[in-house]
Amino acid sequence: MNDTTTGSRAVSVVILKGGVGKSTTSMNLARQLAEHGKTLFADLDPNGHATNGLGFEDAYQSDINLGDIILEGEATPHDLIRPTDHRFDLLPSSDTLEDVEKDLAGAMQGSARIKSKIVDPLLGEEYDYVVFDCPAYPGMLNNNALVATGNVMIPIEPGSSAIGGYKRTMERLIEPAREYIDVDVLAVVPNKLSDRIDQQTEDRELIENLNTATYEVNPSQPLKEVVPDFARITSEEFEAIDTGEITPPKPGIRHRSALSRSLQHNQPLQDYDPENDQIVYYEELAEIVAAGGIER
Ligand SMILES: Nc1ncnc2c1ncn2[C@@H]1O[C@H](COP(=O)(O)OP(=O)(O)O)[C@@H](O)[C@H]1O
Ligand SMILES: [Mg+2]
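For the sequence shown, the residue numbers in numbering that gives the first Met the number 0 are 0 to 295.
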């Protein structure tokens, strides 16, 4: 919501579709949040892209996994958490996470395990911020992330399949969770923009749709109010773009090869290419998390 509560916060980066930018967004968000306070980046996706992308293949294949903390109770989060060279700590994924997910389904309070065993003990104590990178399918890991954070950011990209993914996320993940807990959508974040918005492109369609969408994404908050400033273009501005009165802005987050290259070099963008023009957008996302919502 548009409150100004400061303090510690956890957020899940979710969308029920692969390849949209969950790992890229969550890792770079964690990197910028680390400038605001102590940050834990938690990779909950069994594919381990973020963990391996950061160069922690050994942790991904380690004998100890999330299940030892949240199911067996034999390990503590500290047995798993690794420091990184990027100012945040990493709770790594593991190649056995799919088994953990299955076991969670049969466990008492299976959706609240990450909250009770990891986030509640650490958030506001050792960490100011916790960011979850989530799987692309619905299930116990996504449910745990929602329960543990109560806050989500949803990346989205141009094209109808990402919009379908957004709708699935609301209908199959967030709305069912809201029968039991509060889930606050902090922001819907356009990603991989590569086209002009002064012509009828998929980029324009996405930006225009988001900025005019009046249906509620949060109780009494329309979708258009959770679009970050960097992607906010009003109907008046679109008219001025079409009549040539203003040069069309290039909203973020744009497609940048440095973003995919950075992971091949085991780094968030800030450390791989500190001059990159997209870093300000991740900084804006970090400020939204720190503030608990978009302030206008
Ligand atoms: N803004 C961007 N510009 C260029 N490449 C991007 C951008 N965002 C994501 N990618 C690339 O797209 C692919 C999918 O992104 P990823 O973050 O792994 O998505 P997800 O975690 O949702 O599956 C990756 O190869 C990533 O490097
Ligand atoms: Mg991913």
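Even for Gly, the Cβ is constructed at its ideal location relative to N, Cα and C.
Distance cut-off 7 Å: residue i Cβ against heavy atoms of ligand 2
{"i": "S22", "result": "yes"}
{"i": "D94", "result": "no"}
{"i": "D132", "result": "yes"}
{"i": "A49", "result": "yes"}
{"i": "D84", "result": "no"}
{"i": "D270", "result": "no"}
{"i": "D44", "result": "yes"}
Rounded distance between the beta-carbons of residue j and residue i, thought under 8 Å
{"i": "V288", "j": "L90", "result": "Wrong, their Cβ atoms sit about 17 Å apart, outside the cutoff."}
{"i": "N143", "j": "D183", "result": "17 Å between Cβ atoms; not a contact."}
{"i": "L28", "j": "C133", "result": "Going by Cβ atoms, the distance from L28 to C133 rounds to 13 Å, so no, they are not a contact pair."}
{"i": "A147", "j": "K114", "result": "4 Å"}
{"i": "L79", "j": "I69", "result": "Incorrect: roughly 10 Å between the Cβ atoms, too far for contact."}
{"i": "P248", "j": "I232", "result": "7 Å"}
{"i": "P267", "j": "H85", "result": "5 Å"}
{"i": "S7", "j": "Y126", "result": "7 Å"}
{"i": "L65", "j": "L96", "result": "6 Å"}
{"i": "V129", "j": "L205", "result": "About 29 Å; that fails the 8 Å criterion."}
{"i": "G251", "j": "A230", "result": "6 Å"}
Beta-carbon proximity list for residue i, same chain, < 7 Å, skipping 5 on both sides
{"i": "Y136", "result": "L15"}
{"i": "P154", "result": "V12, I14, V19, G20, K21, T24, V188 and N190"}
{"i": "P82", "result": "D88"}
{"i": "F55", "result": "R81, L89 and P91"}
{"i": "S301", "result": "Nothing can be reported for residue 301, as the shown portion of the chain is limited to 0 through 295."}
{"i": "V279", "result": "none"}
{"i": "S219", "result": "none"}
{"i": "V226", "result": "V187, L209 and N210"}
{"i": "A212", "result": "P221, L222 and K223"}
{"i": "E282", "result": "Q31"}
One or two residues paired with residue i in a DSSP bridge
{"i": "Y128", "result": "R8 and T38"}
{"i": "R81", "result": "L89"}
{"i": "P221", "result": "E215"}
{"i": "R253", "result": "L192"}
{"i": "L122", "result": "Y126"}
6 Å CB neighbourhood of residue i in its chain, flanking five on each side removed
{"i": "Y271", "result": "S261 and H264"}
{"i": "S193", "result": "H254"}
{"i": "G158", "result": "E201"}
{"i": "G52", "result": "L262"}
{"i": "V99", "result": "L65 and G66"}
{"i": "E286", "result": "none"}
{"i": "A176", "result": "L145 and V182"}
{"i": "G36", "result": "D127 and Y128"}
Heavy atom of ligand 1 within 7 Å of residue i beta-carbon
{"i": "V298", "result": "The structure shown does not extend to residue 298, since the chain is modelled only from 0 to 295, so the question has no answer here."}
{"i": "R30", "result": "no"}
{"i": "L140", "result": "no"}
{"i": "L262", "result": "yes"}
{"i": "I293", "result": "no"}
{"i": "R255", "result": "yes"}
{"i": "N190", "result": "yes"}
{"i": "A135", "result": "yes"}
{"i": "I252", "result": "yes"}
{"i": "L205", "result": "no"}
{"i": "S61", "result": "no"}
{"i": "L89", "result": "no"}
{"i": "S259", "result": "yes"}
Own chain partners of residue i with C-beta closer than 8 Å, once the 5 adjacent residues on each side are dropped
{"i": "E215", "result": "P221 and L222"}
{"i": "K116", "result": "I68, I69, G72 and P76"}
- In the segment 20–70, which residue ranges form an unbroken alpha helix (DSSP H) of at least 4 residues, counting only runs that do not cross its ends? 21–32, 48–52, 56–59 and 65–69
- Task: List in chain order: all unbroken alpha helix (DSSP H) runs of 4+ residues lying wholly within the segment 145–219.
- Result: 159–167 and 201–211
- Residue ranges of each alpha helix (DSSP H) run of no fewer than 4 residues wholly in the segment 230–284, ordered along the chain? 234–241, 256–263 and 268–271
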